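Residue numbers (our numbering), protein chains in the order written: chain A, 1 to 265; chain B, 1 to 290; chain C, 1 to 348. Beneath this line is the structure, given in structure tokens, with notes to follow.
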Amino acid sequence: MMPARAASEDVALSIEHVAVNFGGLVALSDLNFTVCNGEIVGLIGPNGAGKTTAFNVFTGFLKPTAGEVRYRKTLLNGLKPHEIAGLGLVRTFQRTSIFANNTVFENVLIGLHRRGRSSLWDTLLALPREKVAEGELADNAREILRLVGLERRAAEVAGTLPYGEQRLLGIALALAAQPSMLLLDEPVSGMNPSETAKVMALVEAIRASGVTILLVEHDMPMVMQVSDRIVVLNYGRIIAEGPPAAIQKNPDVIRAYLGEGKKRA
Amino acid sequence: MDQFLQHLLNAVMLGGTYALLGIGLTLIFGIMRVVNFAHGELYAFGAYTVYLVAAALGLNFFLGLVVAVIAGALLGALIEILLLRPMRSADIDTVMLVMIGAWIVMQNTELLLWGGVAKAIITPFPDAPLVIGPVSISWLRLFVLAAALLLIGASYVLIHRTKLGKAMRATFQDADTAALMGVNIKGIFTATFAIGSGLAAAAGALLGPVFLVTPTMGDLAALKAFAIVILGGLGNISGATIGGFILAFVEEIGAGYISSGYRDAMGFLIIIVVLLFRPTGLFARAERVG
Amino acid sequence: MKRALPAFWLIILLTIPLWLQDQYILHILITTGIFIIAAMSLNLLLGYTGQLSLGHVAFFGIGAYASALTTLGFDVEVFGFRVVHQPWPAIVGLFVGMVAAGISGYVIGRLSFKVRGAYFVIVTISFAEVTRLIALNWVELTQGPLALTNIPPYTLAFPGLGDYTLWNKTAYYYLVVAVGLVAYLVIARLVGSRIGRAMIALKENETLAGSVGIDVTRYLVLAAVVSAAMAGGAGSLYAHYLKIIDPDIFLFIYTVTMVIMVITGGKGTLAGPIVGGIIFGFLPVILRPFAAPAVQWILYGGLMIAIVFVLPQGIVPALERSIANWASSTRKPARAMAAGNTESRGGP
Numbered sequence: 001m002m003p004a005r006a007a008s009e010d011v012a013l014s015i016e017h018v019a020v021n022f023g024g025l026v027a028l029s030d031l032n033f034t035v036c037n038g039e040i041v042g043l044i045g046p047n048g049a050g051k052t053t054a055f056n057v058f059t060g061f062l063k064p065t066a067g068e069v070r071y072r073k074t075l076l077n078g079l080k081p082h083e084i085a086g087l088g089l090v091r092t093f094q095r096t097s098i099f100a101n102n103t104v105f106e107n108v109l110i111g112l113h114r115r116g117r118s119s120l121w122d123t124l125l126a127l128p129r130e131k132v133a134e135g136e137l138a139d140n141a142r143e144i145l146r147l148v149g150l151e152r153r154a155a156e157v158a159g160t161l162p163y164g165e166q167r168l169l170g171i172a173l174a175l176a177a178q179p180s181m182l183l184l185d186e187p188v189s190g191m192n193p194s195e196t197a198k199v200m201a202l203v204e205a206i207r208a209s210g211v212t213i214l215l216v217e218h219d220m221p222m223v224m225q226v227s228d229r230i231v232v233l234n235y236g237r238i239i240a241e242g243p244p245a246a247i248q249k250n251p252d253v254i255r256a257y258l259g260e261g262k263k264r265a
Numbered sequence: 001m002d003q004f005l006q007h008l009l010n011a012v013m014l015g016g017t018y019a020l021l022g023i024g025l026t027l028i029f030g031i032m033r034v035v036n037f038a039h040g041e042l043y044a045f046g047a048y049t050v051y052l053v054a055a056a057l058g059l060n061f062f063l064g065l066v067v068a069v070i071a072g073a074l075l076g077a078l079i080e081i082l083l084l085r086p087m088r089s090a091d092i093d094t095v096m097l098v099m100i101g102a103w104i105v106m107q108n109t110e111l112l113l114w115g116g117v118a119k120a121i122i123t124p125f126p127d128a129p130l131v132i133g134p135v136s137i138s139w140l141r142l143f144v145l146a147a148a149l150l151l152i153g154a155s156y157v158l159i160h161r162t163k164l165g166k167a168m169r170a171t172f173q174d175a176d177t178a179a180l181m182g183v184n185i186k187g188i189f190t191a192t193f194a195i196g197s198g199l200a201a202a203a204g205a206l207l208g209p210v211f212l213v214t215p216t217m218g219d220l221a222a223l224k225a226f227a228i229v230i231l232g233g234l235g236n237i238s239g240a241t242i243g244g245f246i247l248a249f250v251e252e253i254g255a256g257y258i259s260s261g262y263r264d265a266m267g268f269l270i271i272i273v274v275l276l277f278r279p280t281g282l283f284a285r286a287e288r289v290g
Numbered sequence: 001m002k003r004a005l006p007a008f009w010l011i012i013l014l015t016i017p018l019w020l021q022d023q024y025i026l027h028i029l030i031t032t033g034i035f036i037i038a039a040m041s042l043n044l045l046l047g048y049t050g051q052l053s054l055g056h057v058a059f060f061g062i063g064a065y066a067s068a069l070t071t072l073g074f075d076v077e078v079f080g081f082r083v084v085h086q087p088w089p090a091i092v093g094l095f096v097g098m099v100a101a102g103i104s105g106y107v108i109g110r111l112s113f114k115v116r117g118a119y120f121v122i123v124t125i126s127f128a129e130v131t132r133l134i135a136l137n138w139v140e141l142t143q144g145p146l147a148l149t150n151i152p153p154y155t156l157a158f159p160g161l162g163d164y165t166l167w168n169k170t171a172y173y174y175l176v177v178a179v180g181l182v183a184y185l186v187i188a189r190l191v192g193s194r195i196g197r198a199m200i201a202l203k204e205n206e207t208l209a210g211s212v213g214i215d216v217t218r219y220l221v222l223a224a225v226v227s228a229a230m231a232g233g234a235g236s237l238y239a240h241y242l243k244i245i246d247p248d249i250f251l252f253i254y255t256v257t258m259v260i261m262v263i264t265g266g267k268g269t270l271a272g273p274i275v276g277g278i279i280f281g282f283l284p285v286i287l288r289p290f291a292a293p294a295v296q297w298i299l300y301g302g303l304m305i306a307i308v309f310v311l312p313q314g315i316v317p318a319l320e321r322s323i324a325n326w327a328s329s330t331r332k333p334a335r336a337m338a339a340g341n342t343e344s345r346g347g348p
């Protein structure tokens, strides 16, 4: 059952006729869907379905061969990563998601870069407004660390953190950049159940603060519980779209996961 | 017009040896991703070995050439085992610094052993050049061209027709997958560095008698080799060959008609222009999309 | 204790000319100091921003030549136009040198940062070599290999007190210390700020930095400009001290010297270039009676390889770590108790 067409002011991310070809290989063909403001949308699909490729296109890391990706009407094609972040669209990474050699606190400070306004001369001349600005950033950093639950790790070197906490720090980094929409790249991959529960609570808290969320995930129970709407990809196409309950019963989806036991790892 | 033909002829000879330099470096740079600052020193080493064998010891010139190439390859293997293998997991900056250190040590060793005065190598070829119509070419240069072409051909055969070459190509494409397929990556890296160094030594051995042998002759050679690799694309032997001839041609024409002082700048200008407008080189196929 | 240390070194630095008789050692201190300033500038680009630029000597040399030419004046023909410049006071040359170097940093930076990694290294070396060849061949402007000579020393004007021309080594020494201090403070302030954090982020993880909104190109170029301007200032100091400069100032070996100073001292640390600079500034002096220059360079090359193998972070971080270990081992009993308390913190 196709969802009703959303009012255009409500649309955060719109993907229209997006296709990606690598030479002769068709990774994505004619993708169309939207994410509305305030939604949590989960993108799932068997291995090799094109989720990573799609995610990279949505976040501006890969140029589509055809089609357009728009965030709140602005075309993303051809924008640089920092310009996309400037629009309010921030992503996380699955691997190398943090600045490993800096402390947790410094990591968040770096993430807060966009909020700062001091210029080179402010810095070199040690003007008072620079000190005030730095103080504000430090306050913001502490607050974000509190939100994700890492405030006791603030002084530790990020690379020494256990894996689950590193991923949390990655989310903290993205939050620091003041997103209006957050794209989470397999946020709970490799995590144990209690770490996963933490992330799920965090995702809800983030949505409650007004941020739209799109996530790619393999962990079925997690994504079914957290998402308002699920989009299912297979062989580079959307094969189903709808609320979690409907998707779980959808025969095409079931067949995609059970019937497709092919070579791609 | 006659002048142009002469320049063209010079360029062809120079291009052949430049191609050897470039092929050696493109293999090393391409397969091992090492910025080999010592490449120029292997070039100088080749020249000094020929000097040692042919001039200082008074032995056969051609023997000197052969010894130079083999010794160059062995020295390359030694450098790889001692300096590069322990650095496999280090980042590219660190490896570069090690190679800079090697470059400093090698060049100053040469300075210490041979002194800074330029050395000449006497060859068994007649001094009188061969005159064909409006152009003249010395027998030595003709021999150099022939030897270079032979070695270029041998490199091509090695890479495309032998098992070793196949393993090297596989490693270039994807070292991890090649390792899973049973390729001995360690051995391939040593072999690659040895072959590349041998080719550099060959280039030095061939050009040493043409020009003079000095301890700093490797510096410009190294930078030109990088220019050729960038022109032809990483790991691309035919690209490096063509790049070698293009560089030689640009140098000869530039020196002949524009300004001889800026002759050596041609290589650098090529590097800058190509990297800024076509970072993958003029001939490179697109790298595998990640 | 830690805070008192820099002040201690500063006092030592300031009093050296009062007791040092040997003019030759003073000369070495001055040239080493100038190279330390250049090394500090390289450290900003290489150590903090993580860009292995091996063309740094170009900025040093451009600063030197720009400063010298500003003070000597010149008369050249460019594309059919006659460009004449009357000599200006030497101290202005310092600022012209910094500006000229800064502009080159901008241009070279904008062009070079289109590529990364090994290609970036090669492009930067190429720019430096092209600069050297221009200095060598554009004889009308630079006198080529015949060198620019009779470069006048700086004259500082103190209102009410009159002019002071820096003829002797002692005066020059204090000037170098003063400029070095300013350079150190500039870098220290920069790397502790939001701008500095952005640069460090670029070294650590460029992709991640971009995704949180850091304009990669902008900060790379900014690092290049500041770094270049500082190197240009050092170049000007060098030109007005030696009073003669020739195109050899652009030789790759000087870049290598600066790189060795930064890497062995400790890249990405404030004290690294200083420690590295002192070691490699004075090593030639110590080794001179025993070893010919070629042998010295073999030792430097070997030393660099050894440090990269054994102390990859450099000397300063290794020293800091051993001091920290020593400090913690003397406070062991108290620490063990504190560790026991934190261990019982529950939860995954």
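We treat Cβ as the ideally placed atom computed from N, Cα and C, and that holds for glycine. Since the model is a prediction, treat every value here as computed from it, not as a measurement.
Item, Value
"Give a yes or no on whether the minimum CB-CB distance between A:Phe99 and chain C is below 8 angstroms.", "yes"
"I'd like to confirm the pairing. Which residues does DSSP put opposite B:His7 in its beta bridges?", "Looking at the DSSP assignment, B:His7 forms no beta bridge with any residue, so it has no partner."
"Taking 8 angstroms as the cut-off, decide whether the C-beta atoms of C:Leu94 and C:Ser236 are in contact.", "yes"
"Going by C-alpha to C-alpha distance, which of C:Phe290, C:Thr155 and C:Val78 sits closest to C:Leu141?", "C:Val78"
"So is the beta-carbon of C:Thr269 under 7 angstroms away from any non-hydrogen atom of the ligand COA?", "Ligands displayed in this structure: none; no statement on the ligand COA is therefore possible."
"Compare the C-alpha of C:Tyr106 against each of C:His56, C:Ala64, C:Val295 and C:Gly117 and name the closest.", "C:His56"
"Hey, how far is the Cα of A:Phe278 from the Cα of C:Ile249?", "Past the boundaries of the shown model lies residue 278 of chain A; chain A is included only from 1 to 265, so the question cannot be answered."
"So what's B:Tyr262 in DSSP terms, helix, strand or just coil?", "coil"
"State yes or no: is the beta carbon of A:Phe22 nearer than 8 angstroms to at least one beta carbon in chain C?", "no"
"Put C:Asp248 into one of helix, strand or coil per three-state DSSP.", "helix"
"How many Å lie between B:Ala265 and C:Ala178 at the Cα?", "38 angstroms"
"How is the beta strand (DSSP E) around A:Gly42 delimited, first residue to last?", "Ile40 to Ile44"
"Rank C:Tyr254, C:Phe290, C:Ile244 and C:Val295 by C-alpha distance to the C-alpha of C:Ser67 and give the top, closest one.", "C:Ile244"
"Would you mind reading off the limits of the alpha helix (DSSP H) that contains B:Val67?", "Phe61 to Ile79"
"So if DSSP puts C:His85 in a beta bridge, which residue, or which two residues, is it bridged to?", "C:Phe74"
"If we define contact as Cβ-Cβ less than 8 angstroms, is C:Gly117 a contact residue for chain B?", "yes"
"Do you know how far the Cα of B:Leu206 is from the Cα of B:Ala68?", "10 angstroms"
"Is the beta carbon of C:Gln313 sitting closer than 8 angstroms to the one on C:Gly266?", "yes"
"Bridge partners for A:Arg237 per DSSP, in chain order?", "A:Asn234"
"Quick one: measure Cβ to Cβ for B:Val35 and C:Val121, integer angstroms, because I've assumed they're closer than 8 angstroms.", "6 angstroms"
"Determine the DSSP secondary structure at B:Val183, reduced to helix, strand or coil.", "coil"
"Among all the DSSP beta bridges, which residues are the ones paired with A:Thr74?", "A:Tyr71"
"When you compare only the Cα positions, how much space is there between B:Met96 and B:Pro86?", "13 angstroms"
"Where DSSP assigns a beta bridge to B:Phe193, which residues make up the other side?", "Note: B:Phe193 sits in no beta bridge, so no partner."
"Quick one: which chain A residues come within Cβ less than 8 angstroms of C:Leu208?", "Phe93, Thr96, Ser97, Ile98, Phe99 and Leu173"
"What residues from chain C crowd round B:Ala265, counting only those whose CB sits closer than 7 angstroms?", "Val130 and Leu133"
"In this structure, what does DSSP give as the bridge partners for A:Val216?", "A:Leu43 and A:Asp185"
"Which residues in chain B sit within 7 angstroms of C:Leu300, going by Cβ to Cβ distance?", "For the record, residue 300 of chain C in the displayed sequence is Tyr; it is not Leu. Result: Ile104."
"Would a C-beta distance cut-off of 8 angstroms place C:Gly61 and C:Gly233 closer than the cut-off?", "no"
"Rounded to the nearest angstrom, what separates A:Ala90 and A:Ala174 at their Cα positions?", "The residue you asked about is not Ala; residue 90 of chain A is Val in the sequence shown. Whole-angstrom Cα-Cα distance: 6 angstroms."
"For B:Thr17 versus B:Gly232, is the C-beta distance shorter than 8 angstroms?", "no"
"Apply the 10 Å Cβ neighbour rule to A:His113 and answer buried if 16 or more other Cβ atoms are within range, or exposed otherwise.", "buried"
"At which residues does the beta strand (DSSP E) containing C:His240 begin and terminate?", "Premise fails: C:His240 lies in the alpha helix (DSSP H), Val216 to Leu242, not in any beta strand (DSSP E)."
"If we ignore side chains and look at the alpha-carbon of each, how far apart do A:Arg264 and A:Asp219 end up?", "The predicted position of A:Arg264 is uncertain, since its pLDDT is 43 and thus under 50; no value can be drawn from it."
"Under 8 angstroms, Cβ to Cβ, is there at least one residue of chain A near C:Leu202?", "no"
"Output needed for C:Ala271: all residues of its chain with C-beta closer than 6 angstroms, excluding positions within five of it in sequence on either side, in chain order.", "Val316"
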